[in-house]
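In this note's numbering, the protein residues as written are 94 to 679. Note that CB positions come from ideal geometry on N, CA and C, so glycine has one too. Read the structure below first, then the notes.
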Amino acid sequence: MNQNKIALLLLTSIIPLFANATTSQPVAPEVATAKTEKPLVTGKHSMIVTNNPWASKAAQQILNEGGNATDAAIAAAFVLGLTEPQSSGIGGGGYALSYHAKTKQLLAFDGREVALLSATPNWFIDPKTSKPLNFESAMLSPLSVGVPSEVALFYKMHQQNGKLAWSKLLAPAIALARNGFPMSPRLYGLLQSDQDILKDNPQIAKVYFNAQGDVKPIGDKVTNIAYADTLHIIAKNPQEFYTGKIAHDIIETVNKSANKKLMSTKDLSAYKVQVKEPVCSTYRGQYDICSVPPSSSGGVTVQELLGIYARNYTQTGESAFTDINWVYNFYEASKIAFADRNQYLADPDFVKQPIAGLLNNQYLDERAKLVNESMALSVPVAPGKPYGADPKYVADSSPKPHGTTSLSIVDKDGNAVTMTVTVEHQFGSHLFTNGFFLNNELTDFSLTPTNASGKPIANRVEAGKRPRSSIAPTMVFDKDHNLQVLTGSPGGSQIICYVAKNLIQILDFKKSAAEASSSPNLCAANAAPVLENGDSIFSAQLDKLNALGESVIRTDLVSGETNIIRTNDGWSGAADPRREGLAIGN
């Protein structure tokens, strides 16, 4: 079946979902879509998994033209900013993990947005009431916009590992923006849910609404000429995004919305991507799990969660999957890991990070002993005291919804990239310029700078600081240093649980890439445990969990997992059934 037919099937298979969509749906996070099971795809040479078929096809085009995994990932991400504008785009940022097969070099790219130079710890405190803004109001405020960093991230990745000319990587997105793509059910539903906020902006209406003022119907062509023109400028010189007309328009959009000067030319021109050593730890003595370090809390927290879990639940193999005890131990481990995350993890340029302490074997032994097999931990669980922590800071428990997307790619030479990019809330701040939405990443900071006792919160707003993220693009290596697994997901703070769940499914229960993605999502982010709606695997055993004191809540858990697994003769991959993604093998 050709790729156009595959894409059409993906678009039509969930049309009924939004037939009765209304504006009363919750603003955040991204609304759920029906699960449409995705096939397991195999390839001898390469594998592509993204959350949108057009992005996957763009990556395939770049690989066919001789590009590598880095080139393909960048091309796919520029397309995702067009076809999934609710989730990511050049007005946002992200993180990537990149593996160079020949040298076995693994690099983490921190392309996180940063707080403006005018920002203060009281950034979200209402001067009239001396209280923090309502969270929803903060998200939709120009105060929420951080310095967009995605273009800088992609260009830095290209400089480090790219193969094709930079301009070639933007060509698929430019062509698709000019020629158009069919309105997908997911994009349609999300536009419907936010239409009262979006439709009065003439730039937005020109792209996504028809002449009658309604969201363009599913299947209607969507073109975004302004986005194509913007990418054309970036293709010639990416620095134009930070110093040229595009930069001017971003600044003007933010400041006009705020009715005062918030953002300056220096905010944009001073932005730098950080290239770092990944954070890695051993799982069950068999695998090395690696991810991005802070400013994202994702990698560290996934690894702490798994370290605690493995100490208390030792069963592996396919038969263990239906054992409710692994679910119980997963919930308990996630409560403990999130307690430490909320207390300690933040931008390391501002707050000393106890990464080694959190992943220390003795510390994990100590934290694992908190789990009682006969009675669930009450939440919130208190943070531990790892070595290297700064005791003056306290925890942040602000809600953190996300509009985010993910991709994973392996090329014919074994080079690999797994990347997660975001604008934070669906459609970000809802501010729009030059064909793209601006992020609202600064609401990933604590809205208050101190706790009730006046002690500073590690993740408080400070000028030039990166807000804490939960993004966790992850790679797994065997003890011979061979790449075995790539995974990542959108999903706000629950990204941590989605990635950890995937790794348990794949490494412990020997599930395929498709089975791992399709398996029920679950989390206990130092709060009441949640289990995905529609689960038929554990529903019959919920009484056992509740008897232990878990009080499980059923809810939608909208992941977008992009799993790739090494096989005996190549790679296998699968897109998450909760989104519109596509896996392509060759």
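Local conformation of Tyr-486 per DSSP, three classes: coil
Return the bridge partner residues of Leu-675 from the DSSP annotation. Thr-143
Backbone CA spacing between Asn-527 and Ala-617 [nearest angstrom]: 40 Å
Which residues does DSSP list as the beta-bridge partners of Gln-198? His-193
Look up Val-506 in the DSSP assignment and say whether it is helix, strand or coil. Correcting the residue identity first, residue 506 is Asp in this sequence and not Val. Reduced to three states, the DSSP call for Asp-506 is coil.
Around the Cβ of Ser-223, are there at least 16 other Cβ atoms within 10 angstroms (buried) or fewer (exposed)? exposed
Let me know if Asn-626 comes out buried or exposed under the rule of 16 or more other beta-carbons within 10 Å of its beta-carbon. exposed
Between Thr-115 and the rest of its own chain, which residues show a CB-CB distance below 6 Å, the 5 nearest in sequence each way excluded? Summary for Thr-115: the model assigns pLDDT 28, below 50, so the residue's position carries little reliability; its value from the coordinates is reported in the next sentence. The answer is none, since no qualifying residue turns up.
What residue range is occupied by the uninterrupted beta strand (DSSP E) comprising Val-134? 134 to 136
Buried or exposed by the 16-neighbour rule on C-beta atoms within 10 Å, applied to Gly-653: buried
Close beta carbons around Pro-119, own chain, < 6 Å, minus the five adjacent residues each side: At Pro-119 the pLDDT is 28, less than 50, meaning the model places this residue with poor confidence; the figure from the coordinates comes in the next sentence. Within the same chain, Pro-119 has no close Cβ partners at all.
Between the C-alpha atoms of Gly-184 and Thr-498, what's the straight-line distance to the nearest angstrom? 14 Å
Lys-369 in three-state terms, based on DSSP: strand
From Arg-460, Asp-458, Asp-433, Glu-459, pick the residue whose C-alpha is nearest to that of Pro-447; which is it? Asp-433
Classify Arg-647 as buried or exposed, calling it buried when 16 or more other Cβ atoms lie within 10 Å of its own Cβ. exposed
Quick check for students: name the residue ranges of the beta strand (DSSP E) that lie wholly in the segment 537 to 621, counting only runs of 3 or more. 567 to 571, 576 to 580
Measure from the alpha carbon of Val-300 to the alpha carbon of each residue in Asn-352, Leu-596, Leu-175, Ala-245, then state which is nearest. Leu-175
Return the residue from the list Ser-390, Pro-371, Lys-261 that minimises the CA-CA distance to Ile-382. Pro-371
Arg-659 in three-state terms, based on DSSP: strand
Apart from the five residues just before and just after Asn-294, which ones in its own chain have a Cβ nearer than 7 Å to its Cβ? Phe-525
Use the C-beta contact count for Ser-467: other C-beta atoms within 10 angstroms, 16 or more gives buried, fewer gives exposed. exposed
Buried versus exposed, by CB contacts within 10 Å (16 or more), Gly-255: buried
Cβ contact (3+ pairs, closer than 8 Å) linking the segment 140 to 152 and the segment 163 to 175: yes
Checking 8 Å against the spacing of the C-beta atoms, do Val-56 and Thr-213 come in under that value? In the structure as shown, the chain starts at 94 and stops at 679, and residue 56 therefore has no counterpart that could be examined.
Excluding sequence positions up to five away, which residues of its chain have a Cβ less than 8 Å from the Cβ of Thr-163? Ser-191, Met-250, His-251, Gln-253, Asn-254, Gly-255, Lys-256, Asn-508, Val-510
Where does the unbroken alpha helix (DSSP H) through Glu-707 begin, and where does it stop? Absent from the structure is residue 707, since the part of the chain shown begins at 94 and ends at 679.
Can you tell me whether Asp-649 is helix, strand or coil according to DSSP? coil
Quick one: using the 10 Å Cβ neighbour count with 16 as the cut-off for buried, is Gln-285 buried or exposed? buried
Segment contact flag, the segment 634 to 641 with the segment 572 to 584, C-beta cutoff 8 Å, min 3 pairs: no
Local Cβ density within 10 Å of Glu-411, reported as buried at 16 or more and exposed below that: exposed
Could you check how far apart the C-beta atoms of Ser-582 and Val-592 are, in whole angstroms? I think they sit under 8 Å. 6 Å
Can you tell me whether Asp-483 is buried or exposed, with buried defined as 16 or more other CB within 10 angstroms of its CB? exposed
Stretch pair the segment 193 to 210 + the segment 345 to 365: three plus CB contacts closer than 8 Å: yes
Measure the C-alpha to C-alpha separation of Leu-133 and Asp-342 and round it to an integer number of angstroms. 44 Å
Could you please give me the residues that DSSP links to Ser-384 through a beta bridge? Val-372, Thr-567
Over what stretch of residues does the beta strand (DSSP E) that includes Val-464 continue unbroken? Note, Val-464: premise wrong, no beta strand (DSSP E); not H, not E.
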